[in-house]
């Protein structure tokens, strides 16, 4: 694991909102390496800057200063369009509110990112079915998203995120709207995808139980990384060097 | 990318059919209004032309004054002798019917009907192409004797007599009691939409002496001249003009104070009027199409706000701003094209029904349909652009947070 190059490297990343006296510094010099195949949980209370960090990692936003290397490429200065292309080709997203298209079948929701990749109809169908099968929702593929339960919707969202075989799966409070039982199911799904398919996963959460599913927990406090601990196979946690 | 945008746009439209319907309603109505107005206008033009031409291609009208309208009133009228001179002196003329027209109320028992009394010669019936439903025309002797006899148009008969047989009955016209000797076969609506059958025909001298309201009246309002078959109308017009100039003492170099027109010229004059009206109506209807376009913009703008979250989802999974722009633009275009098509179909049906009801020909002009369709597409692009640009400019993070 250590021999692999990091897929994500942040160096002294800052993010400032506003300007002048009202400026607010949400991130204050973040250094973070995430290697391919890792499952990282980013923890922190609300206002800690974890969502900002997530948005920058997910190329939804760009840092005010610092460097961000994604798979070795500098992406910190990219335009809106270029960041959209990075998201399209390398990233998958799961959100707290599921964010599926309403009145649209599970299958069409999962097809959506493939559509933007310009994939042919047949290929798209096939890949979307495979992704839905991976989350165990193939029999529900023709149900509209609003006809599904919260847990099912979140699994459709996971299927949509992994349908493109992304380099990194980002999950922003994926269990925030779910009850404990369903939360565990979704977390097991993500853990399983990480273990069996080697998908790199980065999750933002404020629930320690959910963070416990990850290999590594990064805690953000006031825009800086307060702690970074890795859980070994034996379950013993250790500080990352 | 375009095909993709189309796929996405069609899915979005299908997802919310009611919204789509409301969006295009304005365009449907606008396109339908333009097509209906123009096809009815063209039908009316066609109807005017064909009715004037149905008078016969060898028919010529002589009217005092130049030009149509009140300005002609200042010129002196014709005389019966003018008609006789033309009939006798111009070789291409088959017959001449001088007309003296007086508005009059026809009364029979309790019924009355305001109509037009036409004083003329016996030749009038053949020149104007009247057939008889019943009875006979007045005779030469009755004409010479200025007898109180009349021939009724179909409308006058039905208004005064209902189902009764009018022949032999006596009606009163402005205090003149006259005997009905015949009934004309119905002709229907005239070129200007007037009822050609609301007419009472009497001998010219009877009208001049007893209805015109002025002693010694010998005026003739106009002359209908029928040319012989195979004679060029232009030549007859020229010859008639020469005779009339001579009789009215107009010297060489002076302008005519009367007009001689053949039916083609009359048809052209009338159809140019209806054409102008057609374009005017079409232009008014085009304004409603414009309003329809603004309706599209309105609903699309609202829909962009309503769909902020959807836009955020699309952008977060990698849709480019220009793809979002294209999606909304294509949505507006597809909607307005559908609206255009529906509008055209609606217009075809409505103008068919209206043409039947108004008794004018039903004309489908592919050009106006194409123009309206193209215009609706243009409306979609022009009015879809502002909402589409607004959608494309959204920030994905903000859009996802939108409730």
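Chains as they are written, first to last, in our numbering: chain A, 1165 to 1405; chain B, 117 to 519.
Idealized CB from N, CA, C, for every residue including glycine.
Keep in mind it's a predicted model, so treat the numbers as computed, not measured.
Query: Between the CA atoms of residue 1393 (chain A) and residue 419 (chain B) - distance to the nearest angstrom; Result: 46 Å
Query: Residue 340 (chain B) to residue 453 (chain B) span [Cα, whole Å]; Result: 53 Å
Query: Proximal chain B residues relative to residue 1252 (chain A), where beta-carbon distance stays under 9 Å; Result: 433, 434, 435, 436
Query: Given residue 384 (chain B) as reference, the closest of B:408, B:140, B:410, B:168 once Cα atoms are compared; Result: B:168
Query: 8 Å Cβ cut-off: residues of chain B touching residue 1339 (chain A); Result: None at all; the shortest Cβ gap to chain B is about 18 Å.
Query: Contact list for residue 1267 (chain A) against chain B, beta-carbon separation under 7 Å; Result: 131
Query: Below-7 Å beta-carbon distance, residue 120 (chain B) vs any chain A residue; Result: yes
Query: Chain E residues whose Cβ lies nearer than 7 Å to that of residue 451 (chain B); Result: Included in the structure are the protein chains A and B, with no chain E among them.
Query: For residue 1254 (chain A) and residue 1381 (chain A), the rounded distance between their alpha carbons; Result: 23 Å
Query: Through-space distance from residue 119 (chain B) to residue 1304 (chain A), alpha-carbon basis; Result: 28 Å
Query: Residue 358 (chain B) burial status per 10 Å Cβ neighbour count (16 or more: buried); Result: exposed
Query: Proximity below 7 Å, CB of residue 513 (chain B) to CB of residue 1224 (chain A); Result: yes
Query: Residue 235 (chain B) - partner residues in DSSP beta bridges; Result: B:216, B:318
Query: For residue 382 (chain B), the three-state DSSP class (helix, strand or coil); Result: helix
Query: Residue 465 (chain B) - containing beta strand (DSSP E), residue span; Result: No beta strand (DSSP E) contains residue 465 (chain B), which is instead part of the alpha helix (DSSP H) from 437-474.
Query: Beta-carbon gap between residue 297 (chain B) and residue 265 (chain B) smaller than 7 Å; Result: yes
Query: According to DSSP, residues forming a beta bridge with residue 1197 (chain A); Result: A:1173
Query: Distance between beta carbons of residue 488 (chain B) and residue 150 (chain B), contact taken as under 8 Å; Result: 5 Å
Query: Partners in chain B for residue 1257 (chain A), counting only beta-carbon separations shorter than 7 Å; Result: 432, 433
Query: Three-way DSSP call (helix, strand, coil) for residue 504 (chain B) in this model; Result: helix
Query: 7 Å Cβ cutoff met for residue 1340 (chain A) and residue 1260 (chain A); Result: yes
Query: Contact check, residue 408 (chain B) vs residue 142 (chain B), beta carbons under 7 Å; Result: yes
Query: Residue 1323 (chain A) beta carbon less than 7 Å from that of residue 1367 (chain A); Result: no
Query: Beta-carbon gap between residue 222 (chain B) and residue 240 (chain B) smaller than 7 Å; Result: no
Query: Min CB distance residue 415 (chain B) to chain A below 7 Å; Result: no
Query: Simplified DSSP assignment, three categories, for residue 395 (chain B); Result: helix
Query: Length of the line joining the Cα atoms of residue 449 (chain B) and residue 1251 (chain A); Result: 29 Å
Query: Residue 1256 (chain A) (DSSP reduced to helix, strand or coil); Result: strand
Query: Buried or exposed (CB count within 10 angstroms, at least 16 for buried), residue 469 (chain B); Result: exposed
Query: Beta-carbon contacts of residue 1378 (chain A) that lie in its chain and below 7 Å, excluding the five residues immediately before and after; Result: 1203, 1204, 1205, 1367
Query: Nearest to residue 605 (chain B) (by Cα), restricted to the options B:122, B:155, B:193; Result: Given a span of 117 to 519 for chain B in the structure shown, any question on residue 605 (chain B) remains unanswerable.
Query: Partners in chain B for residue 1138 (chain A), counting only beta-carbon separations shorter than 8 Å; Result: Here chain A covers residues 1165 to 1405 and nothing more, so residue 1138 (chain A) does not appear.
Query: Minimum Cβ-Cβ distance from residue 1248 (chain A) to chain B less than 7 Å; Result: yes
Query: Secondary structure of residue 1263 (chain A), DSSP reduced to three states; Result: coil
Query: Pairwise C-alpha distance: residue 273 (chain B) and residue 187 (chain B); Result: Annotation note: pLDDT 49 at residue 187 (chain B) (below 50); position unreliable, coordinate value reported separately. C-alpha separation (whole angstroms): 34 Å.
Query: Beta-carbon gap between residue 1186 (chain A) and residue 1229 (chain A) smaller than 7 Å; Result: no
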